[in-house]
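Below is one structure; the comments refer to it alone.
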Amino acid sequence: MAAPVIDAVFPNDGDTGVPLGSGLAVTFDQGIDPKSVKAHIVIYGPDFDTVSGPDSATWIDGESNPFFLKSPGFSGIVECDTTLTYVDATGTEVDPQTALDEASAAAAGLRHKVLVKPTKLLAPNTTFKVYIVGDSEGGTNSGISKRTVYDIDASGSSQTTGNVHIYGSYDGHADDVVHIKITHAGDAGAAKYKYWYGSDGEPSATTKKITSRRWRRLQDGLQVRFTGSDFAVGDEYTINVYSKEYLEDSYTLSFTTGTGSVIEVPSTASTSVIGVETSIDTTTAFLEILGMDPEDGSTHIPIHKREISIGFNADLDPATITEETVTVYAYPASGRYNGDEIQQLSAKLTVNNNELIVEL
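So that you can map any letter, position 338 of the sequence shown is 379 in this note's numbering, and since no number is skipped, the others follow by simple counting.
Okay, here's the thing in structure tokens:
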């Protein structure tokens, strides 16, 4: 099966008035690897807060830091819970069905909708940015991947009342079949088993493994556990595994929350308060800072140092480098953020390919 493709997303890029508790929904054209999704869909909000204490008390003292709890960068990440549900081609949720391999999943039209739900209500009247990360750089082997592990085929174990469970993402480099065979009868915790890859053959099996009700490491990112009783010698279970294929591009979108009068999207609304799920445009690469001189957070810089050099991962468009996009502020070194002491500095901006030079 080909690499996954995004079919739809909600909210849409640029939407306003988004309910504070709606979260993000992304529908793919096929099953997705759960582990890769949780690590590669991120919602960013503002990276500072001006409230604290009971009842969201606001710091208004002029001598206080107006950017209380400010920490540029990662403090703006929104904590979320991620769940996957199966939907059909129309986006309607369906009951999970057993899929032993890619072909049966495709024939059943199974695809995943990813629901990214903030653990707390989003702040009202606030703009949030979403990053959906794929293998946009090519060859980096990162991002959201298609489903790599399929359901267990237990047709070779009709003698037992026990069950085998598989967990994890397959990290192998080739499609294969995992075989697990009971070699010593008994209940979970007493029965023994061996396992091997179909490409290597049964003679290569790892043997004398004891079944356990807890997760135990198998191989290539997989874990296995056993439940039930009366495992019989010769009982065999197989699992189809597939090497990862990543979402080819990375995507970004932004949305703005409403006033808070609508918390959830009404399921019975005659028309959506936001719009419909639509595809989003690709962003093949993000502009990143590779380094700077002086480094961020540096101290004891010589007083005659009047130049800041910032290196990026791609050439810059000089037309986009303006006083509106690059702003320099001077803050007191004492650590007290008195508003009267914060000054915006004039600067000469020069672009040299992928380097930005700021002269003060």
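Ideal Cβ placement from N, Cα and C applies to all residues, glycine included.
* T361 by DSSP, collapsed to three states: which one? -> Indexing the sequence shown from 1 puts residue 361 at position 320. Note: T361 maps to helix in three-state DSSP.
* To do: With H81 as the anchor, note down where its alpha helix (DSSP H) starts and where it stops.
  => By one-based count along the sequence shown, residue 81 stands at place 40. Annotation: the continuous alpha helix (DSSP H) that includes H81 extends over 75-81.
* To do: Name the two residues that bound the continuous alpha helix (DSSP H) containing E143.
  => Taking the first residue of the sequence shown as position 1, residue 143 is located at position 102. E143 -> alpha helix (DSSP H) spans 143-148.
* Length of the line joining the Cα atoms of D212 and V190 -> To locate residue 212, count along the sequence shown from 1; it is residue 171. To locate residue 190, count along the sequence shown from 1; it is residue 149. Between D212 and V190, the C-alpha separation is close to 10 Å.
* Compute the distance between the beta-carbons of F69 and V46, then report whether it is under 8 Å. => On the sequence shown, residue 69 is found 28 positions in, with the first residue counted as 1. On the sequence shown, residue 46 is found 5 positions in, with the first residue counted as 1. Yes.
* To do: Given a cut-off of 8 Å, decide if L397 and I362 are closer than it, judged by their beta-carbon atoms.
  => By one-based count along the sequence shown, residue 362 stands at place 321. By one-based count along the sequence shown, residue 397 stands at place 356. Going by C-beta atoms, I362 is nearer than 8 Å to L397.
* To do: Check P244 in the structure and name its three-state DSSP category.
  => The count along the sequence shown starts at 1 and reaches residue 244 at position 203. Correct three-state label for P244: helix.
* **Same chain only: Cβ atoms within 6 Å of V218, ignoring 5 sequence neighbours per side** => Counting from one through the sequence shown, the residue named residue 218 turns up at place 177. Once the five neighbours on either side are set aside, the close Cβ partners of V218 are G239, T279, N281.
* To do: Spell out the partners DSSP gives G209 in its beta bridges.
  => Walking along the sequence shown from the start, residue 209 turns up at place 168. Note: G209 is bridge-paired with L263 in the DSSP secondary-structure output.
* Asked: For L328, does the count of other Cβ atoms within 10 angstroms reach 16, so buried, or fall short, so exposed?
  -> Position 287 of the sequence shown, counted from the first residue, corresponds to residue 328. The residue in question, L328, is exposed, as its Cβ has fewer than 16 Cβ neighbours within 10 Å.
* **Cβ-based neighbour list, G197, same chain, cut-off 6 Å, excluding 5 preceding and 5 following** => Numbered from 1 along the sequence shown, position 156 holds the residue referred to as residue 197. So the list reads E277, once near-sequence residues are dropped.
* **Closest residue to G203 among I342, E400, V50, V274 (Cα-Cα distance)** => Your numbering for residue 203 matches position 162 in the sequence shown. Nearest of I342, E400, V50, V274 to G203, Cα basis: V274.
* Asked: Out of Y283, G58, I251, which has the shortest C-alpha to C-alpha gap to K222?
  -> Position 181 of the sequence shown holds residue 222. Nearest C-alpha to K222: I251.
* Got a sec? Which residues, its chain only, sit under 6 Å from Y127 by beta carbon, not counting five neighbours each side? -> For the purposes of this step, residue 127 is identified with residue 86 of the sequence shown, where counting begins at 1. Only residues of its own chain outside the window of five on either side were considered, and among them V135, P137, L151 have a CB closer than 6 Å to the CB of Y127, listed in chain order.
* To do: Tell me whether P159 counts as near the ligand SAH, meaning its Cβ is closer than 7 Å to at least one heavy atom of that ligand.
  => Because no ligand of any kind appears in the structure shown, any question about the ligand SAH cannot be addressed here.
* **Opposing strand residues paired with D192 [DSSP bridges]** => Here residue 192 corresponds to residue number 151 of the sequence shown, with the count starting at 1. Looking at the DSSP assignment, D192 forms no beta bridge with any residue, so it has no partner.
* Starting from the Cα of M333, find the closest Cα among F353, R347, D194, V67 and give me that residue. => By 1-based counting over the sequence shown, the position of residue 333 is 292. Here the closest residue by C-alpha is F353.
* Neighbour-count burial assignment, I342, 16 or more Cβ in a 10 Å radius -> Position 301 of the sequence shown, counted from the first residue, corresponds to residue 342. Classification of I342: exposed, given that the 10 Å Cβ count is below 16.
* Count the C-beta pairs between the stretch 158-165 and the stretch 60-79 that are closer than 8 Å, then say yes if the count reaches three, no if not. => Touching, yes.
* To do: Note the first and the last residue of the continuous beta strand (DSSP E) segment covering E329.
  => Taking the first residue of the sequence shown as position 1, residue 329 is located at position 288. Careful: E329 lies outside any beta strand (DSSP E) and carries neither H nor E.
* To do: Kindly indicate which three-state DSSP category G132 falls into: helix, strand or coil?
  => The sequence position of residue 132 within the sequence shown is 91, counting from 1. Here G132 sits in coil by DSSP.
* To do: Check the DSSP bridge columns for P159 and list the partner residues they point to.
  => For the purposes of this step, residue 159 is identified with residue 118 of the sequence shown, where counting begins at 1. Partner(s): C121.
* Residue environment, P244, which counts as buried when at least 16 other CB atoms sit within 10 Å -> To locate residue 244, count along the sequence shown from 1; it is residue 203. When all chains shown are included, P244 counts as exposed.
* **Cβ-based neighbour list, I120, same chain, cut-off 6 Å, excluding 5 preceding and 5 following** => For this step, residue 120 is matched to residue 79 along the sequence shown. Per the sequence shown, the amino acid found at residue 120 is Glu instead of Ile. Here the set comprises T160.
* Thinking C-alpha only, which one of N394, Y85, E364 is nearest L401? -> Residue numbering aside, residue 401 sits at position 360 when the sequence shown is read from its first letter. Ranking the options by Cα distance to L401, first place goes to E364.
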